[in-house]
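The next block holds one structure in the form of structure tokens; read it before the comments.
Residue numbers (our numbering): 16 to 365.
In structure tokens, the structure reads:
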């Protein structure tokens, strides 16, 4: 895999979920950091034999030097697969997204036509994003996100919400979802003011909407680096997770990974009533679907807080579904089907 430091995408879809199993089965899996080794010609004696007949996985973007090298040596490579988990073009033009994020996406968008042209296959976790990419490439496949974190016992549900031990409501999206959160902020504020048995965590730090920063029972820790968040996710327990998603072109390409994230923290999710969530959530069984009106989000949170036993049942159902749809075997089978079964290290590799 040519690593471009696009964690967590690289980890979720290959490096953590699948690569260790492939290695245990005797396959040769190598990571090359293309930012640290930005000029492939510095390793010109080694690389041709290393890449000959190999499957090469690239994710989101690459330095231009690597793109040029791969085009020059494509004839010797077994297969090139391009993994992309966002609608980059839509992100670069979405005025609801932070300016710095849009600028990064514009840089990637300029390279993406070359990435797509280079690839034998394009892989994405979202069916709708796949449909968009099929306008640009003849061979696009869907790999749903695997579940990385273990599912916890739901012991934090043993007490109903109360002022001593308030139930935890969490938003753990990235900065690209600030506008989505701002849309439902009135619901959070109203619920906060209505009852003392609930506490909120919004992991956006300084990027948290100002109105939420003022709430007495709303903590706003700074976003964590991916590996630190992955560990935090294993320890943190929430009762309710919020996953708003406005109807933008960028959001239409999203996968259902937030369903897995919320289940991994032991919570019941409230999700926007649109793709991808309306295809996997059974409303009232393993989560709740809410319309864009903040009043609907307020109602959903109240429903979960007012009926702890039903909420626990939903948490159990969500965990069961997350275990099924996020099982690593799905991703393993996907990559095995694309493997040339290189079972030993090339003599020049290490």
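We put the beta carbon where it would ideally sit given N, CA and C, even for glycine.
If I follow the unbroken alpha helix (DSSP H) through residue i, where does it start and stop?
i	result
residue 104	103-108
residue 278	272-279
residue 86	79-87
residue 182	Where residue 182 is concerned, there is no enclosing alpha helix (DSSP H), although the beta strand (DSSP E) it sits in stretches over 182-186.
residue 247	241-250
residue 292	292-295
residue 331	323-340
residue 27	From DSSP, residue 27 is part of no alpha helix (DSSP H); its letter is neither H nor E.
residue 343	343-351
residue 207	193-209
residue 226	225-228
Quick one: is residue i buried, meaning 16 or more other Cβ sit within 10 Å of its Cβ, or exposed?
i	result
residue 118	exposed
residue 101	buried
residue 54	exposed
residue 367	In the structure as shown, the chain starts at 16 and stops at 365, and residue 367 therefore has no counterpart that could be examined.
residue 356	Residue placement at residue 356 cannot be trusted, given a pLDDT of 41 that sits under 50; what the coordinates show is reported in the next sentence. Exposed is the call here.
residue 344	exposed
residue 237	exposed
residue 267	buried
residue 394	Since the first residue shown for the chain is 16 and the last is 365, residue 394 is missing from the structure and cannot be characterised.
residue 8	No answer is possible for residue 8: the residues shown for the chain start at 16 and end at 365.
residue 291	buried
residue 189	exposed
residue 191	buried
residue 32	buried
residue 296	buried
residue 30	buried
Quick one: give me the first and last residue of the beta strand (DSSP E) that residue i is part of.
i	result
residue 214	213-217
residue 74	70-74
residue 98	94-98
Residues bridged to residue i by DSSP?
i	result
residue 286	258 and 304
residue 156	138
residue 43	DSSP lists no partner for residue 43.
residue 112	Residue 112 is not bridged to any residue.
residue 233	215
residue 48	18
residue 67	92
residue 298	302
For residue i, which residues of its own chain have a beta-carbon under 8 angstroms away from its beta-carbon, when the five flanking residues on both sides are left out?
i	result
residue 58	52
residue 204	226, 227 and 230
residue 200	224, 226, 227 and 309
residue 359	Residue placement at residue 359 cannot be trusted, given a pLDDT of 39 that sits under 50; what the coordinates show is reported in the next sentence. Excluding positions up to five away in sequence, the list reads 41 and 43.
residue 128	151
What does a CB cutoff of less than 6 angstroms around residue i pick up in its chain, not counting 5 residues either side in sequence?
i	result
residue 84	55
residue 265	102, 105, 106 and 109
residue 44	34, 37 and 38
residue 317	none
residue 334	166 and 278
Just to confirm my understanding: we take residue i, look at its own chain, exclude 5 residues before and 5 after, and list those with CB closer than 7 angstroms. What are they?
i	result
residue 177	212
residue 123	75, 76 and 103
residue 354	42 and 70
residue 220	235, 236, 237 and 238
residue 91	63, 66 and 67
residue 233	207, 215, 217 and 227
residue 363	Here the model assigns residue 363 a pLDDT of 36, short of 50, so the residue's position is not dependable, and the following value carries that caveat. Result list for residue 363: 61, 64 and 65, in chain order.
Q) Pairing CB atoms from the region 247-264 with CB atoms from the region 285-292, are three or more of them under 8 angstroms? A) Judged by Cβ distances under 8 angstroms, the region 247-264 makes contact with the region 285-292, as three or more pairs qualify.
Q: Decide yes or no for the touch test of the region 163-170 against the region 135-153: beta carbon pairs closer than 8 angstroms, at least 3 of them.
A: Of all C-beta pairs linking the region 163-170 to the region 135-153, fewer than three are shorter than 8 angstroms, placing the two stretches out of contact.
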